[in-house]
Amino acid sequence: MTKKVLIIGSGIAGIASAIRLAVKGYAVDVFEANNYPGGKLSEIILGNYRFDAGPSLFTLPEQVDALFRLAGKKPEAYFEYKTLDVACNYFWEDGTKLKAFADLNEFAEEVETKLGEPAVNIREALRKSAFIYDSLAPLFMNRSLHKFNTWTNPHAMKSYLRISKLGIFSTMNEANRKQFSHPKLVQLFNRYATYNGSNPYETPATLNIIPHLEFNIGAFFPKKGMHDITQSLFKLSEELGVKYHFGQKVDRILVESGEAKGIKINDREVFADLVVNNMDMVNAYKTILKDQKQPKLLLNQPKSSSALIFYWGIKRDFPELDLHNIFFSDNYQLEFEHIFKRGTIYEDPTVYLNITSTQKADDAPAGCMNWFTMINVPNNQGQDWDIMIAEAKRSIIHKLNRILKTDIESLIEVEEILDPRTIESKTSSSQGSLYGNSSNNKFAAFLRHANYSSSIKNLYFCGGSVHPGGGIPLCLLSAKIMSEMIEE
Ligand SMILES: Cc1cc2nc3c(=O)[nH]c(=O)nc-3n(C[C@H](O)[C@H](O)[C@H](O)COP(=O)(O)OP(=O)(O)OC[C@H]3O[C@@H](n4cnc5c(N)ncnc54)[C@H](O)[C@@H]3O)c2cc1C
């Protein structure tokens, strides 16, 4: 008889789990509170402009391809992407501009010419980044940390031998200050801490693993936009027979005699052999698992930073802007102190502009651009967001006006705002954090929830708030690790 699995949430990890379990032969039903799939990986249409709502940077596309291959399909028949020649454009207030070319020689030359930073320092930084990836990815990204055999396999042995070189004992900022002579390069490489919502002045230098993804492996762009990751995987899952139930907010996971039996929605009970939860773990234990034993240590870990985004339709073209653009703050350390210690927004925040119409012309009318204008902000601790948002908008506009020498406000045709409160209300992400727990200490990787319940049989977990972490590639890997624990 076909075994049945219920998945709570159709975030990207929920969809990936559905695909993996359908391929294993399960009958899969996904219950989603929203009326659309994808959770944070969705899109917004404002008049004639289209915006990717959340994630904008795409790395490790092979994790998406792997799902099509697993189902016996050709990935390119469903989902196409291209490699970016320039990963990011960087701007500073003093007029310095840098292009992070994908080609390492070109990037090293750019940095040497513009900042006088010896090319060898860039090469060495990226060699070290590759070394950390090679040492840790097989262990931390591909296996459960909560199973004994993970710690006795050859990958673990390799990382034990390399432990002194993996950056565990210094912060990212300390390592980058040793590595680079120019403060702007330190700032540029410190920025990678934000890729998982952490603070470069606290997070271990192990997180210097991240530049390897962008520089050595590459930054990519899905030809139909980031939302196509959701759309194409959703299509595949439906072809595999996965059934989606939208607008269905699950109230409770049914547990009997220490075993997950199904879910409860309104007054309806639905039974199954397995339950997989894709909802943020903190909010899951407050709601659908509220009668169960709470893993307090894990749930009380500090959350990652959140984001404030202004989706702006801009009625002008800016040829100096590309897909990814960063306008750096002059005091990065103070900016992070505001985010992580004071719970406030610094008056001169680093501004990130993501403009997909530079790659996909139909995302904006001719001669116009779709600006996804984002700053990193603290997660929601009950601040007065309306006041903070109004002040931040002023700071962002002044900063962009100064650097781009224009009057942005007069160019904004349409606007929508996403803030920590709405990130939480739209996706159930605790405090509106983008990546679950922050990684601001060396034990953080061990303090994420496992991909299964140790106290409730047949209950599994996937998504950005569990191991191995947030961000699209890790969410997809959470589904892989989780499904490998489940029998065919
Ligand atoms: C603004 C922003 C920018 C980001 N930038 C990047 C980036 O550039 N690159 C990158 O890789 N990552 C980025 N991320 C992170 C990335 O989006 C997430 O890590 C990832 O999308 C999380 O996927 P998930 O599967 O954990 O679920 P989520 O997307 O969090 O979805 C969970 C789903 O569960 C549903 N749900 C919750 N509770 C219930 C319930 N009780 N019943 C039914 N359904 C329920 C929700 O409605 C939601 O659809 C960003 C995130 C945000 C918000």
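End of the sequence shown = 502 in the working numbering, gap-free, step of one. Using N, Cα and C, we set each Cβ at its ideal position, and we do this for glycine too. Keep in mind that this is a model prediction, so the values were computed, not measured.
8 angstroms contact criterion, which residue i and residue j should meet: CB distance rounded
i: residue 114; j: residue 100; result: 6 angstroms
i: residue 135; j: residue 184; result: That pair is no contact at about 17 angstroms.
i: residue 379; j: residue 62; result: 5 angstroms
i: residue 474; j: residue 290; result: 5 angstroms
i: residue 393; j: residue 453; result: No, residue 393 and residue 453 are not in contact; Cβ-Cβ is about 14 angstroms, not under 8 angstroms.
i: residue 337; j: residue 387; result: So it is not a contact: roughly 14 angstroms between Cβ atoms.
i: residue 491; j: residue 482; result: 6 angstroms
i: residue 341; j: residue 417; result: 6 angstroms
i: residue 180; j: residue 158; result: Their Cβ separation, rounded to whole angstroms, is 20 angstroms, which puts residue 180 and residue 158 out of contact at 8 angstroms.
i: residue 293; j: residue 22; result: 5 angstroms
i: residue 182; j: residue 217; result: Wrong, their Cβ atoms sit about 11 angstroms apart, outside the cutoff.
i: residue 95; j: residue 234; result: 5 angstroms
i: residue 451; j: residue 462; result: 6 angstroms
i: residue 297; j: residue 444; result: 5 angstroms
i: residue 97; j: residue 255; result: Contact doesn't hold; Cβ gap of about 33 angstroms is too wide.
i: residue 203; j: residue 139; result: 7 angstroms
i: residue 147; j: residue 223; result: 5 angstroms
i: residue 52; j: residue 502; result: Not quite, the Cβ-Cβ distance comes to about 28 angstroms (not below 8 angstroms), so this is no contact.
i: residue 43; j: residue 257; result: 5 angstroms
Buried or exposed (CB count within 10 angstroms, at least 16 for buried), residue i
i: residue 495; result: buried
i: residue 59; result: exposed
i: residue 497; result: buried
i: residue 272; result: exposed
i: residue 124; result: buried
i: residue 142; result: buried
i: residue 395; result: exposed
i: residue 236; result: buried
i: residue 225; result: buried
i: residue 469; result: exposed
i: residue 390; result: buried
i: residue 108; result: exposed
i: residue 66; result: buried
i: residue 356; result: exposed
i: residue 311; result: exposed
i: residue 385; result: buried
i: residue 413; result: buried
i: residue 55; result: buried
i: residue 408; result: exposed
i: residue 307; result: exposed
i: residue 457; result: exposed
i: residue 57; result: buried
i: residue 69; result: buried
i: residue 239; result: buried
i: residue 359; result: buried
i: residue 485; result: buried
i: residue 339; result: buried
i: residue 333; result: exposed
i: residue 406; result: buried
i: residue 14; result: As displayed, the chain neither begins before 15 nor continues past 502, which places residue 14 out of reach and without an answer.
i: residue 64; result: buried
i: residue 261; result: exposed
i: residue 467; result: buried
i: residue 281; result: exposed
i: residue 83; result: exposed
i: residue 177; result: exposed
Give a yes or no on contact between the stretch 123-140 and the stretch 234-246, applying the rule of three or more CB pairs nearer than 8 angstroms. Taking 8 angstroms as the limit for Cβ pairs, the verdict is that the stretch 234-246 does not touch the stretch 123-140.
Please confirm if the stretch 415-426 is in contact with the stretch 319-331, defined as three or more CB-CB distances below 8 angstroms between the two stretches. yes
Quick test of the definition: if touching needs 3 or more C-beta pairs under 8 angstroms, does the stretch 202-219 touch the stretch 305-322? yes
Using 8 angstroms as the cut-off, can you tell me whether the stretch 27-36 makes contact with the stretch 476-483, which would need three or more C-beta pairs spanning the two stretches below that distance? yes
Does the contact criterion of 3 or more C-beta pairs under 8 angstroms hold for the stretch 363-370 versus the stretch 43-54? no
Are three or more beta carbon pairs between the stretch 68-80 and the stretch 171-182 nearer than 8 angstroms? They do not touch, by the three-pair rule.
Can you check the stretch 35-99 for any beta strand (DSSP E) of at least 3 residues that lies completely inside it and give the ranges in chain order? 41-45, 57-60, 63-66 and 95-97
Which ranges does the beta strand (DSSP E) cover as unbroken runs of at least 3 residues, wholly within the stretch 150-181, from first to last along the chain? none
Do the stretch 397-407 and the stretch 82-94 make contact, defined as three or more Cβ pairs closer than 8 angstroms? Contact fails: fewer than three Cβ-Cβ distances are below 8 angstroms.
Starting from the N-terminal side, write out each stretch of the alpha helix (DSSP H) that is 4 residues or longer and does not extend beyond the stretch 109-153. The qualifying runs are 118-129 and 133-150.
At 4 residues or longer, and completely inside the stretch 224-301: list those alpha helix (DSSP H) runs for me, N to C. 241-253 and 295-300
With a floor of 3 residues, list each beta strand (DSSP E) that falls wholly inside the stretch 368-438, ordered by position along the chain. Look at the stretch 368-438 and you find these whole runs of beta strand (DSSP E), each 3 residues long or longer: 383-391 and 426-432.
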